[in-house]
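**Q**
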Amino acid sequence: MTFYADYTTGEPVADTKAPAGPVHERWDKRRFEAKLVNPANRRKHTVIVVGTGLAGGSAGATLAEQGYHVIQFCYQDSPRRAHSIAAQGGINAAKNYRNDGDSVHRLFYDTVKGGDFRARESNVHRLAQISVEIIDQCVAQGVPFAREYGGLLDTRSFGGVQVSRTFYARGQTGQQLLLGAYQALSRQIAAGNVELHARTEMLDLIVIDGRARGIVARDLITGKIDTYFADAVVLASGGYGNIFYLSTNAMNSNATAVWRAHRRGAYFANPCFTQIHPTCIPRTGDHQSKLTLMSESLRNDGRIWVPKAKGDTRPPHQIPEDERDYYLERIYPSFGNLVPRDIASRAAKNVCDEGRGVGPGGQGVYLDFADAIRRMGRKAVEAKYGNLFDMYQRITDEDPYEVPMRIYPAVHYTMGGLWVDYDLQTTVPGLFAIGEANFSDHGANRLGASALMQGLADGYFVLPATINDYLARNPRTDTVDAGHPVVQEVLAETEDRLNLLLSVDGDRTPDSFHRELGELMWEYCGMARTETGLRKALERIPQIREEFWRRIKVPGTGEEFNQSLEKANRIVDYLELAELMCLDALHRSESCGGHFREESQTPDGEAARKDDTFSYAAAWEFTGTGTAPVLHKEDLVFEYVHPTQRSYA
Amino acid sequence: MKLTLRVWRQKNADAEGAMSTYEVDGISPDMSFLEMLDTLNEELILKGEDPVAFDHDCREGICGACSLVINGDAHGPERTTTCQLHMRSFRDGDTIDIEPWRAAAFPVVKDLVVDRSAFDRIIQAGGYITAPTGAAPEAHATPVPKPDADFAFEHAECIGCGACVAACPNGAAMLFTSAKVNHLNVLPQGAPERETRVLDMVAQMDAEGFGGCTLAGECATACPKGIPLMSITNMNKEWLRATRKAGKR
Chain A
1313 MTFYADYTTG EPVADTKAPA GPVHERWDKR RFEAKLVNPA NRRKHTVIVV GTGLAGGSAG
1373 ATLAEQGYHV IQFCYQDSPR RAHSIAAQGG INAAKNYRND GDSVHRLFYD TVKGGDFRAR
1433 ESNVHRLAQI SVEIIDQCVA QGVPFAREYG GLLDTRSFGG VQVSRTFYAR GQTGQQLLLG
1493 AYQALSRQIA AGNVELHART EMLDLIVIDG RARGIVARDL ITGKIDTYFA DAVVLASGGY
1553 GNIFYLSTNA MNSNATAVWR AHRRGAYFAN PCFTQIHPTC IPRTGDHQSK LTLMSESLRN
1613 DGRIWVPKAK GDTRPPHQIP EDERDYYLER IYPSFGNLVP RDIASRAAKN VCDEGRGVGP
1673 GGQGVYLDFA DAIRRMGRKA VEAKYGNLFD MYQRITDEDP YEVPMRIYPA VHYTMGGLWV
1733 DYDLQTTVPG LFAIGEANFS DHGANRLGAS ALMQGLADGY FVLPATINDY LARNPRTDTV
1793 DAGHPVVQEV LAETEDRLNL LLSVDGDRTP DSFHRELGEL MWEYCGMART ETGLRKALER
1853 IPQIREEFWR RIKVPGTGEE FNQSLEKANR IVDYLELAEL MCLDALHRSE SCGGHFREES
1913 QTPDGEAARK DDTFSYAAAW EFTGTGTAPV LHKEDLVFEY VHPTQRSYA
Chain B
79 MKLTLRVWRQ KNADAEGAMS TYEVDGISPD MSFLEMLDTL NEELILKGED PVAFDHDCRE
139 GICGACSLVI NGDAHGPERT TTCQLHMRSF RDGDTIDIEP WRAAAFPVVK DLVVDRSAFD
199 RIIQAGGYIT APTGAAPEAH ATPVPKPDAD FAFEHAECIG CGACVAACPN GAAMLFTSAK
259 VNHLNVLPQG APERETRVLD MVAQMDAEGF GGCTLAGECA TACPKGIPLM SITNMNKEWL
319 RATRKAGKR
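These protein sequence lines map, in sequence, to chains A and B.
Residue numbers 1313 to 1961, in my numbering, belong to the letters of the first sequence in order.
Residue numbers 79 to 327, in my numbering, belong to the letters of the second sequence in order.
#1: Measuring CB to CB, does A/Gly1454 end up less than 8 angstroms from B/His261?
#2: What separation, rounded to the nearest whole angstrom, lies between the Cα atoms of A/Ala1440 and B/Asp278?
#3: Please report the distance separating the alpha-carbon of A/Asp1702 from that of A/Cys1592.
#4: Any beta-carbon of chain B closer than 8 angstroms to the one on A/His1715?
#5: By the three-class DSSP mapping on this structure, what secondary structure does A/Gly1729 have?
#6: Taking Cβ to Cβ, would you say A/Asp1753 is nearer than 8 angstroms to A/Val1436?
#7: Roughly how many angstroms lie between the CA atoms of A/Met1313 and A/Arg1852, to the nearest whole one?
#8: Quick one: which chain B residues come within Cβ less than 9 angstroms of A/Phe1556?
#9: Please classify A/Gln1855 as buried or exposed, where buried requires at least 16 neighbouring CB atoms within 10 angstroms.
#10: Cβ atoms of A/Lys1347 and A/Arg1785: under 8 angstroms apart, would you say?
#11: In the DSSP assignment, find the alpha helix (DSSP H) that holds B/Met165 and state where it starts and stops.
#12: With a threshold of 16 other CB atoms inside 10 Å of the CB of A/Val1953, please say whether the residue is buried or exposed.
#13: Using a C-beta to C-beta distance shorter than 8 angstroms, which residues of chain A count as neighbours of B/Gln202?
#14: Taking B/Ser98 as the reference, give the member of B/Met283, B/Ser309, B/Glu177, B/Pro223 with the closest Cα.
#15: Measuring only the C-alpha atoms, how far is A/Gly1472 from A/Gly1838?
#16: May I ask you to list the residues that DSSP assigns as paired with A/Lys1945?
#17: For the beta strand (DSSP E) that A/Thr1591 lies in, which residues bound it at each end?
#18: Using a C-beta cutoff of 8 angstroms, does A/Met1703 count as contacting chain B?
#19: So for A/Tyr1494, helix, strand or coil by DSSP?
#20: With a Cβ-Cβ cutoff of 8 angstroms, do A/Ser1446 and A/Ile1397 count as a contact?
#21: Does A/Asn1612 come out as helix, strand or coil in the three-state DSSP assignment?
#22: Whose Cβ in chain B lies nearer than 8 angstroms to the Cβ of A/Gly1671?
#23: Is A/Glu1888 buried or exposed, if buried means 16 or more other CB atoms sit within 10 Å of its CB?
#24: Please name the residue or residues paired with A/Ile1403 in a DSSP beta bridge.
#25: Which residues in the same chain have their Cβ closer than 6 angstroms to the Cβ of A/Asp1733, if we skip the five residues on either side of it in sequence?
#26: Which residues does DSSP pair with A/Arg1576 in a beta bridge?
#27: Give a yes or no on whether the C-beta atoms belonging to A/Ala1929 and A/Leu1948 are separated by under 8 angstroms.
#28: Considering only their Cβ atoms, is the gap separating B/Asp226 from B/Val276 smaller than 8 angstroms?
#29: Just to confirm, is the Cβ distance from A/Tyr1886 to A/Ile1555 under 8 angstroms?
#30: Which one or two residues does DSSP pair with A/Cys1904 in a beta bridge?
#31: Name, please, each residue of chain A whose Cβ falls closer than 8 angstroms to the Cβ of B/Gln267.
#32: Could you give the distance in angstroms between the alpha-carbon of A/Pro1797 and the alpha-carbon of A/Val1570?
#33: At which residues does the beta strand (DSSP E) containing A/Arg1342 begin and terminate?
#34: How about the segment 1451-1467 of chain A and the segment 211-224 of chain B: do they share at least three Cβ pairs that are nearer than 8 angstroms?
#35: Using a Cβ-Cβ cut-off of 8 angstroms, state whether A/Tyr1772 counts as contacting chain B.
#36: Please classify B/Pro270: does DSSP put it in a helix, a strand, or coil?
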């Protein structure tokens, strides 16, 4: 037992911003009660936005349209490359264009239930309401959604729901939505309302007199570390799935912005809630640097199966129909292949653990399109999924039109993140977190096509409305500049950290540490977690951290383009965050959504929640590296969607 | 597999560059090209040498960050992005030349990394539809004929990687620019800015120092997303139309 696991429980944390009253009136009420900033005064306010994905890009553009001065950052060479671009399947909206019984209330219900009753009702309802406006906004920007012959928008269905509410642009919905936001942002850059710093990475947060007032960031080309000041700071820096080393995240996605904010006082909520996506291409060997997702939309037409017999090594076409186990259709007849992600992932793990997995190492299951091709014809399948099939073939050298795809779960999304209130403000006044960087809307499991919805809801509609209230209540002050003692201190700490990394000159590369940490996390804090495993990980992480600072080797200097230094510095933060994830997973001795504790399951192996004990969001307060954090609980109250054991059978 | 790599090394934008030779061994045909470079870099770091800098991020062919000229071809021998190129496209014992994008408008930052911000400025010049948040009409208010929607999508697929420029003997950015012009100009939502869009984007493209188009067609051959060459013809039509219309006003 480490000291770290001896956490204490502090005062509960409450969301004081969500108004009371009927859930469908709360957002209107909040918008009315929120103070406004006079249009003429807006240009006097500066807002920093970190990240240019769906959340950051849409927020930066919208704040600038409203008249604020925006300073925006991305580590990529262009804001168009943020990892939202890789989202494939689609975006949910309660338009009910299909007349299939959808409504705002149903999307709200599906999301709360899909999240296994660990999300805040007020936030989720707002998300469902706004979903409708997002589609309008994106169409107006020229996002080329798929259309029917009559010229109207097409939709498809996704896991965990029984209506067809997912709007899509072939398998590149994220790309098209992101380009829409990027183009809106570009318009504001050209107008001089947004000052963009590309290839610039946030390394710390500046908090003065209890308010977020700026950031420390490093120009990745020159290596120059600089400070930037504002009246409010918005983090839209994405999730932390890369902590697992192998994930579907972009190689450079990282947790530094949120972790540094956490160290400066922002509570980190539900860090153990990570999503393992069921349909990724299995790994091929130790050289693997990342995993590639195959869109969940494939589960609309593909059928998932493994051989009934253990150790059946026959090629798939030689296995007769009656010797195949379409296990999702068998166990969950009403949702079949479209069960939520956490359930599909766990089921795949179970059949592989039984020795019925396929492909090298038995770490895979088939996703078979033979029936779909017979039913719809190859042409129709090609039109719907062509680019995904091409991508699969390119990576695996197998033709999915002929041979069933092999898929296996991989880390994909993190539901946890910085704790925020209804206004998306963290526990540090003036610091906001939007998109995947916050914890708010998906509870313990996110439904497919809901990440794009949330990123754009936060950026286009929620934050621009709520940040006004903060700015109006906190009149602008000019007291912060580079000479302020706090700024000097934060800057010096950042420089010291990078210099230390460069000076160790050990014998291990940054990647070797990242891989070691990732394997540990996948083993003990991945798809199934146990008390013994988590305690083992909590013992091991400080040892890796100690070894890291003794043996890390970072070539070159800090005053140049140095990708090894960038990597090493991100690992510093992963080595602390990993510990918090394991502690959170250990303390939550129930199973819920993507968090599966082997000790807490029903007789048929489904996740068993313990609502009496754990119906809260766990918001953790930082107290120091390796020292026990303080837990603050936010009680979750369900007035509209009554917690039941989720059933997709 | 055992390979000989000849890699462009250049310390920074101002330094002189040169090709350096490295040997790599134990390369699996299942590795992606970038994973092969990861292997090289791990060895270089342990030897105390400077690893090769290259741009990459999503490694699934969509972010457009990766950008290598491999044996003289932008993104290498297959029609895909470098991150989706696998070592099974090469043979044991091969010598592979790896260079950055070569174009006056894409200055080298370091080694294989170039500055493509000129593309961003072309978009800033008009590659958008003015639709401030909140002002949008109901999505179904304006149906878009499916062929137009498909045409828009085909061009909207551009990932802004810059292979078209790297492949062009003139270093022209016509395919990149035309892809965005065609995407937005065919849609009813893009119609009000149809003329200014094409005129302003082309003007910015010229100002950035990209070369002129001689319809060599190398761009469309190198494009990992299959943006067709006709895209350029269409943009020329749009530009002429806009110029004539501007003349009448």
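C-beta atoms are modelled at their ideal positions from N, C-alpha and C, and glycine is treated no differently.
**A** Let's see:
#1: Taking the first residue of the first sequence as position 1, residue 1454 of chain A is located at position 142. Taking the first residue of the second sequence as position 1, residue 261 of chain B is located at position 183. A contact, by the Cβ cut-off of 8 angstroms.
#2: Looking up residue 1440 of chain A in the first sequence gives position 128. Looking up residue 278 of chain B in the second sequence gives position 200. The straight-line gap from Cα to Cα measures roughly 39 angstroms.
#3: If you number the first sequence from 1, residue 1702 of chain A lands on position 390. If you number the first sequence from 1, residue 1592 of chain A lands on position 280. Those two C-alpha atoms are separated by around 14 angstroms.
#4: Here residue 1715 of chain A is taken as the residue at index 403 of the first sequence, counted from 1. It should be pointed out that residue 1715 of chain A corresponds to Val in this sequence rather than to His. No, its Cβ sits nowhere closer than 8 angstroms to a Cβ of chain B.
#5: To locate residue 1729 of chain A, count along the first sequence from 1; it is residue 417. Correct three-state label for A/Gly1729: strand.
#6: Within the first sequence, numbered from 1, the residue matching residue 1753 of chain A stands at position 441. Within the first sequence, numbered from 1, the residue matching residue 1436 of chain A stands at position 124. In contact: A/Asp1753 and A/Val1436 (Cβ atoms closer than 8 angstroms).
#7: Position 1 of the first sequence, counted from the start, is the residue given in the question as residue 1313 of chain A. Position 540 of the first sequence, counted from the start, is the residue given in the question as residue 1852 of chain A. Per-residue confidence for A/Met1313 stands at a pLDDT of 45, beneath the threshold of 50, marking its modelled position as unreliable; the derived number appears in the next sentence. So the two alpha carbons sit approximately 11 angstroms from each other.
#8: Along the first sequence, read from residue 1 onward, the residue named residue 1556 of chain A stands at position 244. Here the premise fails: no neighbours, minimum Cβ distance about 15 angstroms.
#9: Start at 1 with the first residue of the first sequence, and residue 1855 of chain A comes out as number 543. Exposed, since its Cβ has fewer than 16 Cβ neighbours within 10 Å.
#10: Position 473 of the first sequence, counted from the start, is the residue given in the question as residue 1785 of chain A. Position 35 of the first sequence, counted from the start, is the residue given in the question as residue 1347 of chain A. In this structure, A/Lys1347 lies closer than 8 angstroms to A/Arg1785 by Cβ.
#11: Counting from 1 along the second sequence, the entry for residue 165 of chain B is found at position 87. Careful: B/Met165 lies outside any alpha helix (DSSP H) and carries neither H nor E.
#12: The residue you call residue 1953 of chain A lines up with position 641 of the first sequence. Looking at its Cβ environment, which holds 16 or more other Cβ atoms inside 10 Å, A/Val1953 is buried.
#13: As a first step, residue 202 of chain B must be located in the second sequence, where it is residue number 124. Near B/Gln202 (Cβ distances below 8 angstroms), the residues of chain A are Ser1498, Arg1499, Ile1501, Ala1502.
#14: Your numbering for residue 98 of chain B matches position 20 in the second sequence. That would be B/Glu177, whose Cα lies nearest to the Cα of B/Ser98.
#15: The sequence position of residue 1472 of chain A within the first sequence is 160, counting from 1. The sequence position of residue 1838 of chain A within the first sequence is 526, counting from 1. Roughly 21 angstroms separates the two Cα atoms.
#16: Position 633 of the first sequence, counted from the first residue, corresponds to residue 1945 of chain A. Its beta-bridge partners are A/Ala1930.
#17: For the purposes of this step, residue 1591 of chain A is identified with residue 279 of the first sequence, where counting begins at 1. First-last of the beta strand (DSSP E) with A/Thr1591: 1586-1592.
#18: Taking the first residue of the first sequence as position 1, residue 1703 of chain A is located at position 391. So yes, A/Met1703 belongs to the interface.
#19: In the first sequence, counting from the first residue as 1, residue 1494 of chain A sits at position 182. In this structure, A/Tyr1494 counts as helix in the three-state DSSP scheme.
#20: Here residue 1446 of chain A is taken as the residue at index 134 of the first sequence, counted from 1. Here residue 1397 of chain A is taken as the residue at index 85 of the first sequence, counted from 1. Position check: residue 1446 of chain A holds Ile in this sequence, whereas Ser was assumed. In this structure, A/Ile1397 does not lie closer than 8 angstroms to A/Ile1446 by Cβ.
#21: If you number the first sequence from 1, residue 1612 of chain A lands on position 300. Helix, per DSSP.
#22: Residue numbering aside, residue 1671 of chain A sits at position 359 when the first sequence is read from its first letter. Within chain B, no residue comes near A/Gly1671; the closest Cβ sits about 12 angstroms away, beyond 8 angstroms.
#23: Counting from 1 along the first sequence, the entry for residue 1888 of chain A is found at position 576. When all chains shown are included, A/Glu1888 counts as buried.
#24: As a working note, residue 1403 of chain A is residue 91 in the first sequence. According to DSSP, A/Ile1403 bridges with A/Phe1479.
#25: Numbered from its first residue, the first sequence carries residue 1733 of chain A at position 421. Counting only Cβ-Cβ distances below 6 angstroms, and skipping sequence neighbours, we find Asp1327, Lys1329.
#26: To locate residue 1576 of chain A, count along the first sequence from 1; it is residue 264. A/Arg1576 is not bridged to any residue.
#27: For the purposes of this step, residue 1929 of chain A is taken as residue 617 along the first sequence, with counting starting at 1. For the purposes of this step, residue 1948 of chain A is taken as residue 636 along the first sequence, with counting starting at 1. For A/Ala1929 and A/Leu1948, yes; Cβs fall inside 8 angstroms.
#28: Locating residue 276 of chain B in the second sequence gives position 198, counting from the first residue. Locating residue 226 of chain B in the second sequence gives position 148, counting from the first residue. No.
#29: As a first step, residue 1886 of chain A is located in the first sequence; it is residue number 574 there, counting from the start. As a first step, residue 1555 of chain A is located in the first sequence; it is residue number 243 there, counting from the start. Contact: yes.
#30: Position 592 of the first sequence, counting from 1, holds the residue named residue 1904 of chain A. Per DSSP, A/His1907.
#31: The sequence position of residue 267 of chain B within the second sequence is 189, counting from 1. Result: Val1451, Ala1452, Gln1453, Gly1454.
#32: As a first step, residue 1797 of chain A must be located in the first sequence, where it is residue number 485. As a first step, residue 1570 of chain A must be located in the first sequence, where it is residue number 258. The straight-line gap from Cα to Cα measures roughly 23 angstroms.
#33: The count along the first sequence starts at 1 and reaches residue 1342 of chain A at position 30. Here A/Arg1342 belongs to no beta strand (DSSP E); instead the alpha helix (DSSP H) covers 1338-1345.
#34: yes
#35: For this step, residue 1772 of chain A is matched to residue 460 along the first sequence. True, the Cβ-Cβ gap to chain B drops below 8 angstroms.
#36: Stepping through the second sequence from its first residue, residue 270 of chain B is reached at position 192. In the structure shown, B/Pro270 sits in a helix (DSSP, three-state: H, G or I).
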